[in-house]
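K.L.:
In the working numbering, the protein residues as written are -9 to 255.
1) Could you tell me how far apart the beta carbons of residue 236 and residue 242 are, in whole angstroms, since I believe they sit closer than 8 Å?
2) Can you check the stretch -1 to 34 for any beta strand (DSSP E) of at least 3 residues that lies completely inside it and give the ranges in chain order?
3) Check whether the Cβ atoms of residue 6 and residue 99 lie closer than 7 Å to each other.
4) Evaluate the contact criterion for the stretch 73 to 91 versus the stretch 24 to 42: three or more CB pairs, one atom per stretch, below 8 Å.
5) When the Cα atoms are used, what is the spatial distance from residue 134 to residue 173?
6) Could you check what DSSP says for residue 158 in three-state terms: helix, strand or coil?
7) Which whole runs of the beta strand (DSSP E) in the stretch 158 to 197 are 3 residues long or more, in chain order?
8) Please tell me whether residue 137 and residue 239 are closer than 7 Å, where the distance is taken between their beta carbons.
9) Where does residue 87 sit, in a helix, a strand or coil, going by DSSP?
10) Going by the DSSP bridge assignment, what does residue 252 pair with across the sheet?
11) Pairs of beta-carbons, one from the stretch 7 to 17 and one from the stretch 89 to 108, closer than 8 Å: are there three or more?
12) Quick check on residue 157: buried or exposed, where buried means 16 or more other Cβ atoms within 10 Å of its Cβ?
13) Just curious, the beta strand (DSSP E) that residue 60 is in, first and last residue?
14) Report buried or exposed for residue 249, applying the criterion of at least 16 other Cβ atoms within 10 angstroms of its Cβ.
15) By the three-class DSSP mapping on this structure, what secondary structure does residue 79 have?
16) Enumerate in chain order the residues of its own chain whose CB-to-CB distance from residue 120 is below 6 Å, with the five nearest sequence positions on each side excluded.
17) So, using beta-carbon positions, are residue 28 and residue 159 closer together than 7 Å?
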């Protein structure tokens, strides 16, 4: 695309829970993203089950401007039993698909497993003025959070906020998150730390789980640490936020490195 292309983060969260085995676009589908006026780039799709999974399939469909719906792709779900040290099924699909204006990306689940689908997308547009003003203005956005309250829920419970994207009221069009680090400040036992995402609504949705093994600190052994680097960044809309929780009542510091972006007026 041209250098003067402007991007606005366009994320969507859907919850799949009604079984639908149809491949022709009929039955229960959840609408996720609608193509913007110039189109929408769907970067990645994050799939995360909130329950023990049985064998099945997550399907994605495209509905065009005439109302015709066709199957785009299918993602197999692997059986997995949820436990304090066993994370539920999750996967990330690097789709990199340009959705035409007015077209709609939809999803369904073969089996009635409660499933969170997060679509990471970008709308694009161009300056209409005769003089190009294509400078992207970035503002560093680092966030420090801490979690310590035991929470084994995949749907709610006690969560700690670990990142807040820049506000749309301040002109920001989205936030690019490059990395996230969980670092314990105590000895830890087997469990899980979890990452959640929240749009401008009240509900928070689980996005990822990271396993914690037994780690005992000493003068030669450091405490538990894991760093997640998002390939090509994780782009979320303005005013969205990330949250975290811990399976066990152990203290974890959470550091998130990001940038908010906007363009010259």
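C-beta atoms are modelled at their ideal positions from N, C-alpha and C, and glycine is treated no differently. The structure presented is a predicted model; accordingly, all values stated were derived computationally and were not measured.
P.N.:
In short:
1) 6 Å
2) 2 to 6 and 20 to 24
3) yes
4) yes
5) 11 Å
6) helix
7) 164 to 174 and 181 to 188
8) no
9) strand
10) 127
11) yes
12) exposed
13) 59 to 67
14) buried
15) coil
16) Caution applies to residue 120, whose pLDDT of 49 falls short of 50 and renders its modelled position unreliable; the model cannot decide the point.
17) no
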